[in-house]
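Trainee: Just passing along the structure, written as structure tokens.
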Amino acid sequence: MRNKLWLILPAALSCILTSAQPAPSTAYLDILKKGRAYDTIQADHFPAFTYQSSADADLTELRNFYHLDSVAGHGTDISRAINLLQWMHLAVPHEDEYNLPVLTARNIIKTYKEKHIAQGCYPLAIAMNEIFLSMGFHSRIVICFAASFDNPNGGHVINSVYIPSLRKSLWMDPQFNVFLKDGAGNFLSIAEVRENLIAGKKVNLNKNANYHGKSTTAKYYLEEFMTEHLYRFISPLESKYNGETRAPGKTQTYLELIPKGGAAPSFGTFETHTDKNGSVKTYHTTNAALFWKTP
């Protein structure tokens, strides 16, 4: 079966960071250009995205335990989100270690502080997401993959966080401490970054983007790394505390966005896999407007 999301979730996603990896050519951008189009008329056949309230007991405990109100500060919604991003980036560094059995922000951060076990991009994005949710931001994790799903060459996981003052959800990456802007200085969503790269428009990284303290360039991050992984996207339909921990009897539901013409199961259908670790149900769509719908 093509979609093996239930196999991907328990494993730390490799984020292709070593210099031993061959630098991708313009072939990845060409593939992205061929997959530019989406089907704008496909109907909604899946549940709506939901975002857990910051009043939830677990999110409240998370917020209070790490004094996230103080971390965020009292500035604009954008500055507060950026402060939280930078805090999480420093709290747990990236390494492609094994995933923890309990994937919550508390456990991910605690494990690093007590055992110095860093985490892959998937757990980092999970922790970041719960931090955003605890502070009242409507956020979700977004798993980014290449065109070849069965051999995605690692993939990458980031966050899409809604900023009310901008009326859009922004690209934020805790692994690299990254947010992105266009040539005019406007903050960009994940969909806008993808479109700008295809169109050859300017995309700029924040100046303090880095990996383990080493400055990250737009050339590396966008051209050599992310362009390959902006072909298809997967996101949980329920954004909540402890939503990504697998457990017997638990069902996790996801939506996958694939370009029009991309190899995929019949749209309007879904796939379900159940084993001793619970069930994973994945819907598919080619309608980008439905996938990127803001809260």
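Each residue of the sequence shown is one higher than the one before, starting from 166 at the first, in the numbering used here.
Cβ atoms here follow ideal geometry from the backbone N, Cα and C, with glycine treated the same way.
1. Let me check understanding here. Comparing Cα to Cα, which of Leu194, Ile273, Ala256 lies closest to Asn407?
2. Rounding to the nearest angstrom, what Cα-Cα distance links Ile355 and Val326 in this structure?
3. Whose C-beta lies closer than 8 Å to the C-beta of Phe456 among residues of the same chain, with five residues either side of it excluded?
4. State buried or exposed for Asn297, treating a residue as buried only when at least 16 other CB atoms are found within 10 Å of its CB.
5. Check the DSSP bridge columns for His259 and list the partner residues they point to.
6. Below 7 Å between beta carbons: does that hold for Leu353 and Pro212?
7. Which whole-angstrom value describes the C-beta separation of Lys405 and Gln284, a residue pair presumed to lie in contact below a C-beta threshold of 8 Å?
8. For a quick check, are the C-beta atoms of Arg228 and Ser299 less than 7 Å apart?
9. Give a yes or no on contact between the stretch 378 to 398 and the stretch 191 to 199, applying the rule of three or more CB pairs nearer than 8 Å.
10. Looking at the secondary structure, which residues open and close the alpha helix (DSSP H) in which Tyr193 lies?
11. How many angstroms separate the CA atom of Gln417 from the CA atom of Val445?
12. Give the C-beta separation of Ile328 and Asp242 to the nearest angstrom, bearing in mind that I take them to be a contact with Cβ-Cβ under 8 Å.
13. Looking only at C-alpha atoms, which of Glu409, Ile247, Ala374 sits nearest to Ala270?
14. Between Thr459 and Ser334, how many whole angstroms is the CB-CB distance? I'm expecting something under 8 Å.
15. Just confirm the distance between the C-beta atoms of Leu250 and Phe344, as a whole number of angstroms; I'd bet it's less than 8 Å.
16. Going straight from the alpha carbon of Ser380 to that of Val257, what length do you get?
17. Which whole runs of the beta strand (DSSP E) in the stretch 336 to 367 are 3 residues long or more, in chain order?
18. Would you grab the beta carbon distance between Asn452 and Thr205 for me? Rounded to a whole angstrom, and I think it's under 8 Å.
19. Roughly how many angstroms lie between the CA atoms of Asp347 and Leu331, to the nearest whole one?
20. Rounding to the nearest angstrom, what Cα-Cα distance links Ala188 and Thr382 in this structure?
21. Quick one: what does DSSP say Arg332 is sitting in, helix, strand or coil?
22. If Val358 sits next to Trp336, beta carbons under 8 Å apart, how far is it from one beta carbon to the other, in whole angstroms?
23. Per DSSP, Ile308 is paired with what?
24. Taking 7 Å as the limit between beta carbons, can you name the residues of its chain near Leu387, skipping five residues before and five after?
25. State the Cα-Cα distance for the pair Asn342 and Ser313, rounded to the nearest angstrom.
26. According to DSSP, is His394 part of a helix, a strand, or is it coil?
Mentor: Concretely, from the data shown:
1. Comparing C-alpha distances from Asn407 to each of Leu194, Ile273, Ala256 shows the shortest one belongs to Ile273.
2. 10 Å
3. Phe398, Ser400, Leu420, Leu422, Thr450
4. Residue identity check: residue 297 is Phe in the sequence provided, not Asn. By the neighbour-count rule (16 or more Cβ atoms within 10 Å), Phe297 is buried.
5. Gln284
6. no
7. Not really, about 19 Å apart at Cβ, beyond 8 Å.
8. Taking 7 Å as the Cβ cut-off, Arg228 and Ser299 qualify as a contacting pair.
9. The stretch 378 to 398, when compared against the stretch 191 to 199, does touch it at the 8 Å Cβ threshold.
10. 192 to 199
11. Looking at the two C-alpha atoms, the distance is approximately 5 Å.
12. Rounded, the Cβ-Cβ distance is 5 Å, consistent with contact.
13. Glu409
14. 6 Å
15. Confirmed, Cβ separation roughly 7 Å.
16. About 17 Å.
17. 343 to 347
18. 6 Å
19. 14 Å
20. Low confidence applies to Ala188: its pLDDT is 43, below 50, so where it sits in the model is not reliable, and the reading given next is rough at best. Distance between the alpha carbons of Ala188 and Thr382 is about 14 Å.
21. coil
22. 6 Å
23. Val322, Ile399
24. Leu362, Val368
25. 27 Å
26. helix
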